[in-house]
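Engineer: My structure is below; once you've seen it, I'll send some questions.
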């Protein structure tokens, strides 16, 4: 399985891994298809959001913290219940089309690993699926 | 890449694009596989929800607005921080199985483009992936 | 279409269906690829989260209930508006890589069907997509 390893540096943090995912696609030789990027954890998720203004990811983390505070009326005794909830709210994977060997992303889109219980060493799986080339029929 | 273009008409709006996605599948000739439908933006997402009672999508937008108000204590200066957060909460893509050339959806399921910073001209990518036909073995 | 049927027993409930999904993969003979697991409903979603301490799923349901209360200022008259919103917040499908015939999940990850308007009889679709085997080139 294609694997990206990364070290996060804060309790909550969004890490742009677009370049690493593109590298996996390039190395594989996949021309057309889909890249599915999966967090291997239960206190970290995946999302796609703006990669230009860092205030966007700061606001995303701020809203999540107000909605699901770190300290709250939780049953789970490890002190990271909020991280489990935040991971499910973001989702555990993202899917990005591939065309001509390149990730097909919108102008401002970046692929983010969402750390909610760091800092830690983390792992992301990238599964690549081929699609019949479009535009070749007829 | 298969692309659906649409014009939204409000700041926040859920647009049912099931018919447009089915048209892409039909045109492609795909019999069995998966349709992955992706928002090309960072202030608009994708979801699947009920297509019968329009109150359902109104309630969804209402809850999102109460959870992530348009005006709030945000850092991002463009006035659309809530839209970035709402897009990540819904997710940037949905995946729908295809069988016999048809999207496999539950009785009440429709595919929705989720506008959170309109009105605008928007773009959705549809990647189609083939699956070996099920039910043919032995 | 590969289908898993299940009966839920409460209004809101997370049901671990990892074993059932693995059974579908095994029966299919898929060696390498992706399993996409889809809720066929609009008041039930899918997520991946911890399968060790049941407090984690209880906390997830608790937070969702505080964010989106069962009784609230909703327009939809069926009394299950919260369930529609919770389904979209979790997402309607999850994607899990397959390698050597096995679901590739992190140590603590389980695949959960998220019931928000039970108890009911429910249906989950599992679409399987092949990937070229990695590690064979060169």
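Protein chains in written order, with the numbering used here: chain D, 4 to 141; chain B, 4 to 141; chain W, 4 to 141. C-beta: ideal position from N, C-alpha, C; glycine also.
Three or more C-beta pairs under 8 Å: does that hold for the segment 110-125 of chain D against the segment 4-11 of chain D?
Structural biologist: The segment 110-125 of chain D is in contact with the segment 4-11 of chain D.
Engineer: Please list the partners that residue 62/W has in chain D, where partner means a Cβ-to-Cβ separation under 8 Å.
Structural biologist: Going along chain D in sequence order, the residues near residue 62/W (Cβ under 8 Å) are 77, 78, 79, 84, 87 and 88.
Engineer: In terms of residues, what are the limits of the beta strand (DSSP E) holding residue 49/B?
Structural biologist: Per DSSP, residue 49/B belongs to the beta strand (DSSP E) from 47-53.
Engineer: Between 32/W, 130/W, 80/W and 79/W, which lies nearest to residue 103/W when the distance is taken from Cα to Cα?
Structural biologist: Closest option to residue 103/W, Cα to Cα, is 32/W.
Engineer: Using a 10 Å radius around the Cβ and a threshold of 16 neighbouring Cβ atoms, would you call residue 55/D buried or exposed?
Structural biologist: Exposed, by the Cβ-count rule.
Engineer: Using CA atoms only, rank isn't needed, just tell me which of 93/B, 4/B and 129/B is closest to residue 101/B.
Structural biologist: Comparing Cα-Cα distances from residue 101/B to each of 93/B, 4/B and 129/B, the minimum goes to 129/B.
Engineer: Residue 138/B to residue 25/D, Cα distance in whole Å?
Structural biologist: The pLDDT assigned to residue 138/B is 47, lower than 50, so where the model puts this residue is not dependable; a value taken from the coordinates is nonetheless given after this. About 36 Å.
Engineer: Please report the residue range of the beta strand (DSSP E) in which residue 144/B lies.
Structural biologist: No information on residue 144/B is available, as it lies outside the stretch 4 to 141 that chain B covers here.
Engineer: Give me, in chain order, the residues of the same chain whose beta-carbon lies closer than 8 Å to that of residue 94/B; leave out the 5 immediate sequence neighbours on both sides.
Structural biologist: Counting only Cβ-Cβ distances below 8 Å, and skipping sequence neighbours, we find 48, 49 and 50.
Engineer: Thinking just about the alpha-carbon of each residue, which of 35/W, 40/W and 36/W is nearest to the one in residue 22/W?
Structural biologist: Ranking 35/W, 40/W and 36/W by Cα distance to residue 22/W puts 40/W first.
Engineer: Going by C-alpha distance, which of 15/B, 135/B, 37/B and 42/B is nearest residue 6/B?
Structural biologist: Measuring from the Cα of residue 6/B, the nearest candidate turns out to be 42/B.
Engineer: Who are residue 119/W's beta bridge partners in DSSP?
Structural biologist: Its beta-bridge partners do not exist; DSSP assigns none.
Engineer: Report, in whole angstroms, the separation of the C-beta atoms of residue 106/B and residue 132/D, which I expect to be a contact under 8 Å.
Structural biologist: Contact doesn't hold; Cβ gap of about 18 Å is too wide.
Engineer: Could you pull the start and end residues of the alpha helix (DSSP H) that residue 57/B belongs to?
Structural biologist: Residue 57/B -> alpha helix (DSSP H) spans 57-70.
Engineer: What residues from chain B crowd round residue 34/W, counting only those whose CB sits closer than 9 Å?
Structural biologist: Residues of chain B passing the Cβ test: none, with the nearest at roughly 12 Å.
Engineer: Please classify residue 22/B: does DSSP put it in a helix, a strand, or coil?
Structural biologist: Of the three classes helix, strand and coil, the one that applies to residue 22/B here is helix, per DSSP.
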